[in-house]
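Asks: Residue numbering for the sequence shown follows our numbering, beginning at 15 and increasing consecutively. Idealized CB from N, CA, C, for every residue including glycine. Handing you a structure now.
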Amino acid sequence: MGEDGCEIQYPEVVHRSQICCPVPVSISDGGWKFVNFISLAFPTEDKVAPPRSFMRMFGSVIPEWFIYKTKDNGIFGGHYEFLERKLSGMRRVCEVLRLVDFSLLELMVFTYDGGRVFKLNLFDGHNVEIGLDVNVVVSGSLASTLRQCLHFKIEVMPSHMLRYCHGVCVPTQFQRLTASWKKKDKIRVYRGGMSWEFEIRKRRPGNQTAIHGGWIEFRQEIELKKIPRDFVRKYGSRLEDSLLLKFRNGYEIAVVCKNERGSLLGVFSIFEDFGLEGGEMLLFEYNGVRDFNVFVMGKDLTEIIYPNIVHFTQNRRPRTVSMRNGGLKYVHFVKEEEPLYDEFEPPFSFKERCGMLQGYHTFLFSNGKKTVGQYNHENGKYQGLAKICSILGLQNFGKFNLVLFSYEEMYVTTVSVFDDHFLEVFLPGTPLSSGK
């Protein structure tokens with residue numbers, strides 16, 4: 015099994031002591047396996063996400079409805095959730111075992127036959143395979159190998175999302191776990207290959223346990239991709255339950271839109287496919303009908319060099335991305351201590367990819383206003399934004415959060431401004447300027 019949990023592509027080799035040729039390996043010869051390790055933080059209840067490498071090979075042939083077949087020939091119905099790219103139906107197995115979820119087990123092994131059957135094997139805390147004999151599970155020799163549950167759950171309240179959150183209490187129902195923590199302690203929580211360190215403190219009376227340090231960093235990195243509330247209020251009625259995110263390289267992915275929460279579900283594979291590590295930005299452009307065009311801004315604040323890929327569900331070739339067919343974007347964050355006024359320096363990565371920049375340049379704003387600026391080759395900075403501030407009656411760009419520059423051919427840059435919620439603001443004089 016490979017690092018991602020999927021069975022590897024076997025090399026065509028035999029041991030040097032063997033006098034024979036390698037045997038071709040295919041799904042018809044025993045099926046293809048992947049493993050699902052049980053996470054204590056997110057125990058499997060009904061759905062399982064197969065590894066990316068497995069889905070690349072078989073995602074297009076898995077039927078919508080299939081069956082799970084267990085070691086003792088038990089049969090359970092399963093369903094392929096296409097939009098989420100997950101296999102569902104595991105809850106029935108839990109019911110047979112009289113388990114709330116699979117957190118007491120160690121791992122599952124799925125063997126796909128290429129048709130409508132997934133063979134399912136379950137392993138205990140000592141990595142020993144078990145059957146579906148409920149008596150063995152709840153009272154037999156397996157009981158001593160089941161893992162002690164080491165997780166806790168927190169209901170996130172509005173106060174936990176404030177800019178300065180002074181602590182998040184761990185519910186008393188998990189006191190059996192928190193009793194093992196010191197008065198001042200540190201713990202580490204995991205999700206896949208990511209981890210976060212929390213500083214733990216216990217308060218009197220009652221030794222109430224609370225998370226102090228690390229919570230803000232955790233919530234910023236783990237939170238679902240949310241659509242700004244003002245956007246949902248204005249355009250939410252147009253958004254369907256499922257929509258496409260379209261990237262410049264031709265990569266398209268279907269995601270689920272939860273309008274009531276303003277969240278997009280199913281975006282995690284984007285980070286894997288594009289090799290994003292954290293710190294990048296996704297810029298969403300609503301096409302006014304249903305879908306979103308998405309641009310990826312790198313850690314260097316410049317649009318990334320897009321990989322030559324499409325989603326594994328697409329039957330097409332990637333598009334070539336160049337400055338001629340869409341330009342190049344970069345962003346500038348507006349700082350309170352140094353608000354943008356007239357002069358600014360574009361990222362070094364932008365200047366490096368553009369080569370020689372022209373001395374004179376036109377800035378085009380969302381309200382149709384234009385201003386001519388110039389590029390100073392000595393200090394590497396643009397000048398000329400003060401004119402638009404004068405036209406709009408602004409002292410500077412301090413009322414905005416960031417400015418997006420879209421460099422086009424013919425030395426024209428389109429300028430867009432965004433508020434503190436990362437929602438575009440239409441400048442006065444725009445037909446849409448009465449809202450956002």
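1. For residue 61, does the three-state DSSP call read helix, strand or coil?
2. My output table needs one value for residue 183: the three-state DSSP class, helix, strand or coil.
3. So, at 8 angstroms on beta carbons, what are the nonlocal neighbours of residue 27 in its own chain, with the 5 sequence-adjacent residues on each side left out?
4. Using DSSP with H/G/I as helix, E/B as strand and the rest coil, what is residue 30?
5. Among 128, 413 and 246, which residue has its Cα nearest to the Cα of residue 41?
6. Rounded to whole angstroms, what's the CA-CA distance from residue 101 to residue 381? Just pull it up for me.
7. Beta strand (DSSP E) containing residue 137: first to last residue?
8. Jot down the residue ranges of each uninterrupted beta strand (DSSP E) in the region 407–446, minimum 3 residues, whole runs only, in chain order.
9. Per the DSSP calculation, residue 7 is bridged to which residue(s)?
10. Any chance you could list the beta strand (DSSP E) runs of at least 3 consecutive residues sitting entirely within the region 236–267, in chain order?
11. Is residue 316 near residue 363, with beta carbons less than 8 angstroms apart?
12. So, with DSSP's three-state summary, where would you put residue 217?
13. Report buried or exposed for residue 24, applying the criterion of at least 16 other Cβ atoms within 10 angstroms of its Cβ.
14. DSSP three-state label for residue 2, please.
15. Nearest-angstrom Cα distance between residue 432 and residue 242?
16. Between which two residues does the beta strand (DSSP E) harbouring residue 102 extend?
17. Under the DSSP definition of a beta bridge, which residues are partnered with residue 347?
18. Check this for me: beta carbons of residue 425 and residue 376, under 8 angstroms apart or not?
19. Does the structure place the region 349–369 close enough to the region 393–401 that three or more beta carbon pairs sit under 8 angstroms?
20. Going by beta carbon distance, what residues of the same chain come within less than 6 angstroms of residue 65, once the five residues before and after it are set aside?
21. Spatial neighbours of residue 45 within its chain, please: CB distance less than 6 angstroms, with the 5 preceding and 5 following residues excluded, ordered by chain position.
22. State the DSSP-derived secondary structure class of residue 124, mapped to helix, strand or coil.
23. Quick one: give me the first and last residue of the alpha helix (DSSP H) that residue 167 is part of.
24. DSSP on residue 174, reduced to helix/strand/coil?
25. Does the region 403–414 touch the region 365–372, meaning 3 or more C-beta pairs lie closer than 8 angstroms?
26. Going by DSSP, what residues sit across from residue 202 in a beta bridge?
27. For the region 243–258 against the region 66–86, are there 3 or more C-beta pairs whose distance is under 8 angstroms?
28. Compute every distance between the C-beta of residue 181 and the non-hydrogen atoms of the ligand ZN, then say whether any falls below 7 angstroms.
29. Taking C-alpha atoms, which residue in 67, 272 and 325 lies nearest to residue 15?
30. Express the C-alpha separation of residue 123 and residue 138 in angstroms, rounding to a whole number.
31. Apart from the five residues just before and just after residue 400, which ones in its own chain have a Cβ nearer than 8 angstroms to its Cβ?
32. Going by other Cβ atoms of all chains shown within 10 Å of its Cβ, with 16 needed for buried, is residue 263 buried or exposed?
Replies: The short version:
1. In the displayed model, residue 61 falls within coil according to three-state DSSP, outside both helix and strand.
2. strand
3. 36
4. coil
5. Closest by alpha carbon: 128.
6. 48 angstroms
7. 131–137
8. 416–421 and 426–432
9. The requested residue 7 is not part of the displayed model; the chain covers only 15 to 450.
10. 256–261
11. yes
12. strand
13. exposed
14. In this structure the chain extends from 15 to 450, so residue 2 is not present and cannot be described.
15. 11 angstroms
16. Element bounds for residue 102: 100–102.
17. BP columns for residue 347 point to 416.
18. yes
19. yes
20. 18, 19, 20 and 48
21. 125, 126 and 127
22. strand
23. Counting along the chain, residue 167 falls outside any alpha helix (DSSP H), and DSSP gives it neither H nor E.
24. helix
25. No: fewer than three Cβ pairs fall under 8 angstroms.
26. Beta-bridge partners assigned by DSSP to residue 202: 211.
27. no
28. In the structure on display, the ligand ZN does not appear, and there are no ligands present to speak of.
29. Of the candidates 67, 272 and 325, 67 places its Cα closest to the Cα of residue 15.
30. CA-to-CA, the gap between residue 138 and residue 123 works out to about 12 angstroms.
31. If we look at residue 400 and ignore the five residues flanking it on each side, its Cβ neighbours are 355 and 356.
32. buried
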